[in-house]
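Scroll down for the structure; my scribbles are underneath it.
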């Protein structure tokens, strides 16, 4: 069920090309990640909408292959 | 006539002010993310209804379609989807969650 951090980053960047993605493998087991995503696409959007954009990028993997992805999103600082 | 799962979910989130779709029950959460949200709500003294998606596969899938959100837990206040574990935790830490509950007329203790 594990997924590579580089693969997560690639999928996010494919959908949000300007994204700065920081991924941390929380337990070193390739199964529990924390991701911080910064993208201009998040400007003016609610947190729910921001996370939805990232979930869309990950598609069906989220909740299946990827059980534990703690997500933090923000728009770039002015 | 049998209500569809989507109708049933819509009814559940509107007839109770605070609803948490979770894995397990508030007393025995079956997942760390669900447990974390239960802990936050309990700490704030929020009265809420927990719905165990593990006991109902239709709801487990249906709730993800209802909110276009792929993971459990999911918190609803007065019919509005507020977020999953990460968002609730972040909003709790910044004090936004308390403001939101108060703004929606839900009593908060802490």
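Chains as they are written, first to last, in this note's numbering: chain U, 1 to 78; chain S, 1001 to 1110.
Each residue gets a CB set at the ideal place from its N, CA and C atoms; glycine is no exception.
Values in this document were obtained by computation on a predicted structure and should not be read as measured data.
Counting only runs of 4+ residues, the alpha helix (DSSP H) found wholly inside the region 1001-1065 of chain S occupies 1005-1015 and 1032-1043, in chain order.
Residue 43 of chain U counts as exposed, since fewer than 16 other beta carbons sit within 10 angstroms of its beta carbon.
Using beta-carbon distances, residue 1083 of chain S counts as an interface residue toward chain U, with a partner under 8 Å.
In the three-state scheme derived from DSSP, where H, G and I count as helix and E and B as strand, residue 1094 of chain S is classed as helix.
Between residue 70 of chain U and chain S, the shortest Cβ-Cβ separation is below 8 Å. For residue 1063 of chain S, no Cβ of chain U is located within less than 8 Å of the residue's own Cβ. Around residue 54 of chain U, the same chain offers 12, 37, 71 and 73 as residues with beta carbons nearer than 7 Å, after the five sequence neighbours per side are excluded. Taking C-beta atoms as the reference points, residue 1091 of chain S and residue 1050 of chain S fail to come closer than 8 Å. Given a length threshold of 4 residues, each whole run of the alpha helix (DSSP H) inside the region 3-67 of chain U is given here in chain order: 5-15 and 47-58.
Residue 1082 of chain S: member of the beta strand (DSSP E) spanning 1080-1083, first to last residue.
Counting only the Cα atoms, residue 77 of chain U lies some 33 Å from residue 64 of chain U. With a contact defined as Cβ atoms closer than 8 Å, residue 1106 of chain S and residue 1013 of chain S miss out at about 14 Å.
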